[in-house]
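Student: Sequential numbering of the sequence shown, starting at 1, is according to the UniProt record's numbering.
Please find one structure pasted underneath; my questions will follow.
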Amino acid sequence: MRQIWKPFRALYFASLMMLIGSGLLSTYLALRLAADHVDSLWVGALMAANYFGLVLGGKIGHRLIARVGHIRAYSACAGIVGAAVLGHGLVNWLPAWIVLRMIVGLGMMCQYMVIESWLNEQADAKQRGVVFSGYMIASYLGLVLGQLILVMHPALGLELLMLVALCFALCLVPVALTRRIHPAPLRPAPMEPRFFIKRVPQSLSTVLGSGLIVGSFYGLAPLYASQQGLSTEQVGLFMGSCIFAGLLVQWPLGWLSDRYDRAMLIRCFALFLAICALPLAILPKVPLEVLFVAGFCCSLVQFCLYPLAVAFSNDHVEGDRRVSLTAMLLVTYGIGASIGPLVAGVLMKMFGSQMLYGFFAFFALVLVWRIRPKAVTNLHQVDDAPLHHVAMPDSMSSSPLVACLDPRVDEQVVQEQMQTPANPDVEPEPVAEPATEAEAASDEPETPSFTQARP
């Protein structure tokens, strides 16, 4: 494990800093607007804009990387994100905040693409599962730590925005200091929506429902907790415990997913989510203990839906289409996460804050109705199904290039479908000279080593 951890620690640190800043920013903005008695619709619109930016960044990020290189693209996007974060403290006009949130999402998606392509370049085929798990842990841990900052610094002043900008500045350090060569530019494979809608409709429905629920959770759960009377410190603990539940459940989920029918598991978890969300949806005022326990239980299952849907869909799609499948699943999730906060925000404005969990319960029941294990024909099931379950990072912290890290996707397919073709209109990416062995040995303590030249 130490030998595997060492080459990736710089990239994991960059991911950790990014997610600390992103998680803190989402909760801070929701609490800041709640303190100013702003409608929940605006809070939902801010999170929807963030996800719209993430989807947009997945479309244009690879072009930026191909034109200027990984280091320049990452540095430029980190600078833009940091400036957009600080812009929230300079402007109080909410439409401007929506634009800034979209810019943050777009820039972060480009950063995810750089990190994931670099992780793929560094990882051997046999290590991709372990590298992927480390990336997931760094993502969830960053989100949790971002919430816990509110416990230590509950004042909703500009200091928190400065801290978010500081995180995005620090995530630049390991990337900017490398002397190694750039990884090979990768591009997302083209999507085939009609094919996948016909082949894996239940998986896409689950991913869409997961986007609706999880996107609304990140955007509006802090507002809900605040309107339940929780202090800023308690909101931070509530959000941190809920996100930690998502990390905690991934390992038992993998054990269950490899041993039981995945469609049945999706249906059971959706039903359990509806049951756990019901008390929070019915009671306008929830006791603190009930709020924490029910919120933790809801998060245990709501963060299971997306990984199960990914595993279920991979069981019914040929290996040469799994790169395109990953892009299709992420875009579907992004669409749901863009719509969910808006709809839930309207419901909370009209009927009260408890409608957030009413929204969760409703769409969980829709999934119970929509997912029918007996309707699975298995006509296109791959020979080695069920494939080994892989713990997926929260899809708000990954890009379409995450397919290159998924051990269920053959490495040769990744190279064939995601290698950037020669384009005379794109300026060649500058490549640093490989360091000699002596220079590498002397630089290793202070300069992170991302990639090694491949034969």
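Ideal Cβ placement from N, Cα and C applies to all residues, glycine included.
State yes or no: is the C-beta of R186 within less than 8 angstroms of the C-beta of Q354?
Tutor: The question names Arg, but residue 186 is Leu in the sequence shown. Taking 8 angstroms as the Cβ cut-off, L186 and Q354 do not qualify as a contacting pair.
Student: Applying the criterion that 16 or more other CB atoms from any shown protein chain within 10 Å of the CB defines a buried residue, is V431 buried or exposed?
Tutor: Unreliable placement is indicated for V431, whose pLDDT of 43 sits below 50; no coordinate value is reported for it.
Student: Between which residues of its own chain and A189 is the CB-CB distance below 7 angstroms, once the five residues before and five after are set aside?
Tutor: Excluding positions up to five away in sequence, the list reads V323, S324, A327, Q417, M418.
Student: Are three or more beta carbon pairs between the stretch 105-125 and the stretch 220-240 nearer than 8 angstroms?
Tutor: They do not touch, by the three-pair rule.
Student: Quick one: residues in its chain with C-beta nearer than 6 angstroms to the C-beta of N423, no 5 flanking neighbours on either side, listed in chain order?
Tutor: For N423, the predicted model reports a pLDDT of 47, less than 50, meaning its position is unreliable; a value from the coordinates is still stated below. Nothing meets the Cβ criterion.
Student: When DSSP labels each residue in this structure, what does Q412 get in the three-state scheme?
Tutor: Here Q412 sits in helix by DSSP.
Student: What is the C-beta distance between F272 and L305, in whole angstroms, given that I count them as a contact (C-beta under 8 angstroms)?
Tutor: Rounded, the Cβ-Cβ distance is 11 angstroms, inconsistent with contact.
Student: Residues in the same chain with beta-carbon distance under 6 angstroms from V426, minus the five sequence neighbours each way, listed in chain order, please.
Tutor: Only weak support is given to the placement of V426: the predicted model assigns it a pLDDT of 43, under 50, and the value that follows is read from those uncertain coordinates. Excluding residues within five positions, the ones whose Cβ falls inside 6 angstroms are A66, R67.
Student: Determine the direct distance from the alpha carbon of G345 to that of P7, and round the result to whole angstroms.
Tutor: Rounded to whole angstroms, P7 to G345 spans 43 angstroms at the Cα level.
Student: Let me check one thing: in DSSP terms, what residues is L186 bridge-paired to?
Tutor: DSSP, once it has assigned bridges, lists Q419 as partnering L186.
Student: Taking the beta carbon of residue 477 as the centre, do at least 16 other beta carbons fall within 10 Å, making it buried, or is it exposed?
Tutor: Summary: the structure shown does not reach residue 477, with the chain confined to residues 1 through 455, and so no result is reported for it.
Student: Buried or exposed for S15, going by 16 or more other Cβ atoms inside 10 Å?
Tutor: So S15 counts as buried.
Student: Does P252 pass the burial test, meaning 16 or more other C-beta atoms within 10 Å, or should it be called exposed?
Tutor: By the 10 Å Cβ count, P252 comes out exposed.
Student: Taking only runs that begin and end inside the stretch 72-102, name each unbroken beta strand (DSSP E) of 3 or more residues, in chain order.
Tutor: Runs found: none.
Student: Just how far apart, CA to CA, sit L46 and F362?
Tutor: Cα-Cα distance, rounded: 23 angstroms.
Student: Buried or exposed: which applies to H388, given that a residue is buried once 16 or more other Cβ atoms fall within 10 Å of its Cβ?
Tutor: Per the 10 Å Cβ criterion, exposed.
Student: DSSP state of S398, grouped into three classes?
Tutor: Correct three-state label for S398: coil.
Student: DSSP state of R322, grouped into three classes?
Tutor: DSSP places R322 in helix when its eight states are reduced to three.
Student: Using only the alpha-carbon positions, how far apart do F244 and N92 sit?
Tutor: When rounded, the distance between both Cα atoms is 32 angstroms.
Student: Could you check what DSSP says for Q302 in three-state terms: helix, strand or coil?
Tutor: Here Q302 sits in helix by DSSP.
Student: Count Cβ pairs between the stretch 199-217 and the stretch 138-153 that sit closer than 8 angstroms; are there 3 or more?
Tutor: Touching, no.
Student: Here's the rule I'm using: 16 or more other beta-carbon atoms within 10 Å means buried, otherwise exposed. How should V131 be labelled?
Tutor: Burial call: buried.
Student: Looking only at its chain, what residues have a beta carbon closer than 7 angstroms to the beta carbon of L159, apart from the 5 residues adjacent to it on each side?
Tutor: Position check: residue 159 holds Glu in this sequence, whereas Leu was assumed. Same-chain partners within the cutoff: H153.
Student: Helix, strand or coil for M239, going by three-state DSSP, please let me know.
Tutor: Helix at M239.
Student: For the alpha helix (DSSP H) containing T206, name the first residue and the last one.
Tutor: Counting along the chain, the alpha helix (DSSP H) containing T206 begins and ends at 201-227.
Student: Would DSSP call Y51 helix, strand or coil?
Tutor: Reduced to three states, the DSSP call for Y51 is helix.
Student: For the alpha helix (DSSP H) holding I266, just list the boundary residues, first then last.
Tutor: Its alpha helix (DSSP H) spans residues 262-282.
Student: Just mark S231 as buried or exposed, buried being the case when its beta carbon has 16 or more other beta carbons within 10 Å.
Tutor: With fewer than 16 Cβ atoms within 10 Å of its Cβ, S231 is classed as exposed.
Student: Under a Cβ-count criterion, where at least 16 other Cβ atoms within 10 Å of its own Cβ denotes burial, should Y12 be classed as buried or exposed?
Tutor: It counts as buried.
Student: Taking the straight line between their C-alpha atoms, what separation do you get for A274 and A364?
Tutor: Cα-Cα distance, rounded: 5 angstroms.
Student: Starting from C167 and walking both ways along the alpha helix (DSSP H), at which residues does that stretch end?
Tutor: Element bounds for C167: 158-170.
Student: In whole angstroms, what separates the C-alpha of A337 from that of V331?
Tutor: The straight-line gap from Cα to Cα measures roughly 10 angstroms.
Student: Between the C-alpha atoms of T178 and Y74, what's the straight-line distance to the nearest angstrom?
Tutor: Rounded to the nearest angstrom, the two C-alpha atoms are 13 angstroms apart.
Student: Within 10 angstroms of the Cβ of D406, are there 16 or more other Cβ atoms? Answer buried if so, exposed if not.
Tutor: Counting Cβ neighbours within 10 Å, D406 comes out buried, since at least 16 surround it.
Student: Check whether the stretch 33-43 and the stretch 160-176 are in contact - that is, three or more C-beta pairs closer than 8 angstroms.
Tutor: As far as the Cβ criterion goes, the stretch 33-43 does not touch the stretch 160-176, which means the pair count is below three.
Student: Hey, out of A311, N314, M17, whose CA is closest to Q138's CA?
Tutor: First, the amino acid is wrong: residue 138 is Ala here, not Gln. If we check each option's Cα against that of A138, M17 comes out closest.
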